[in-house]
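One structure is given here, and the rest of the page talks about it.
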Amino acid sequence: MNKDVIIALDFDNKEKVFEFLDKFTDCKPFVKIGMELYYSAGPEIVREIKKRGHKIFLDLKLHDIPNTVKKSMKVLSELDVDMTNLHASGTINMMKAALEGLTRADGTRPLLIAVTQLTSTDQESMENDLLIKEPIDKVVMHYASNAKLAGLDGVVCSPLEAGKVHGVCGEKFLTVTPGVRLAGDAVGDQKRVTTPALAREIGSDYIVVGRSITGAVDPVVAYKQCVKEFLGE
Ligand code: C5P
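Next comes the structure, spelled out in structure tokens:
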């Protein structure tokens, strides 16, 4: 299935992760493991969560010379995750090398998704710090096109950009979108948020939801509400 709700497991240790996952007794949500958890608990946490039957998005955002990224992706492909990512700013050659590294001997591989411009980068910091003078929307769409050209499966973007990315890169090019909140939940540090229902309407393929689920009084109820709104199930 190419549409799903992914829970961001933004916990700093393994005990908290398992305490959280143990609440899900009748379903196995797709989960995201980010840098904080991976760097504190190591590859073993990936294997353990996989063994419990969850699909995994390993969000490590690689960015290095093509050869290093290729070899690192080869290691990650052995962890048997379902999705992983890198920075599109590493160039088309780096993305192609990543794809080669990620592809296993039998031709299978996890989905590979590119980060375009981080949502923490705005027009001003892009111009002043990175010396990129084009409008940020144009840069995001250009990086998405580069990712498609390199053969990647999609990009991480705001749900509000999902329709435009599909317009530029095609309906099959995946949009993986954080910045999702259940109606009435605190926005926190996210700048522009949508509900799962609106993300579905605009055309997100995967929504990534952290605090609206992990911080809920009943995370299972909150997860099921996201699934109901986003997938109509
Ligand atoms: O708690 P919240 O729903 O805001 O969590 C969103 C998750 O998606 C976090 O793990 C965050 O690091 C990640 N993310 C994001 N914006 C991006 C890329 C990743 O919020 N542009």
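Anchor point for the sequence shown: position 151 equals 165 in this note's numbering, and the numbering is continuous, going up by one each time. Where is the CB? At the ideal position from N, CA and C, for every residue including glycine. Source: prediction; values computed, not measured.
CB of leucine 188 within 9 Å of CB of aspartate 219, strictly: yes
- request: Give the range of the beta strand (DSSP E) segment to which valine 201 is assigned.
  value: Premise fails: valine 201 is in no beta strand (DSSP E) and is neither H nor E.
message: Please report the distance separating the alpha-carbon of leucine 196 from that of leucine 93.
response: 32 Å
- request: Answer yes or no: do proline 80 and threonine 133 have a C-beta to C-beta separation smaller than 9 Å?
  value: Not in contact: proline 80 and threonine 133 (Cβ atoms no closer than 9 Å).
- request: Report the partner residues of tyrosine 220 according to the DSSP bridge assignment.
  value: Asp18 and Val190
query: Would you say lysine 75 and asparagine 99 are within 9 Å of each other, going by their C-beta atoms?
result: It is a contact, given that the beta carbons lie within the stated cut-off.
- request: Going by CA-CA distance only, name the one from Leu51, Leu116 and Ala55 that's closest to histidine 83.
  value: The question names histidine, but residue 83 is valine in the sequence shown. Nearest of Leu51, Leu116 and Ala55 to valine 83, Cα basis: Leu116.
- request: Less than 8 Å between the CB atoms is what I'm expecting for proline 43 and isoleucine 21, so what's the real figure, rounded?
  value: That belief holds up - the Cβ atoms of proline 43 and isoleucine 21 are roughly 5 Å apart, short of 8 Å.
Option nearest alanine 119 by Cα separation, candidates Glu247, Ser91 and Ala128: Ser91
message: Using 9 Å as the threshold, is the C-beta distance between valine 179 and valine 169 below it?
response: Yes, the Cβ-Cβ distance between valine 179 and valine 169 is below 9 Å.
task: Pull up the distance between the alpha-carbon of glutamine 131 and that of valine 153, whole angstroms please.
output: 8 Å
field: Chain-order list of residues whose beta-carbon lies under 8 Å from that of methionine 49 (same chain, five-residue window excluded)
entry: Asp73, Leu74 and Lys75
- request: Kindly indicate which three-state DSSP category threonine 98 falls into: helix, strand or coil?
  value: strand
message: Quick check on DSSP: helix, strand or coil for leucine 76?
response: strand
message: Just to confirm before moving on: does the CB-CB distance between alanine 128 and asparagine 160 stay below 9 Å?
response: yes
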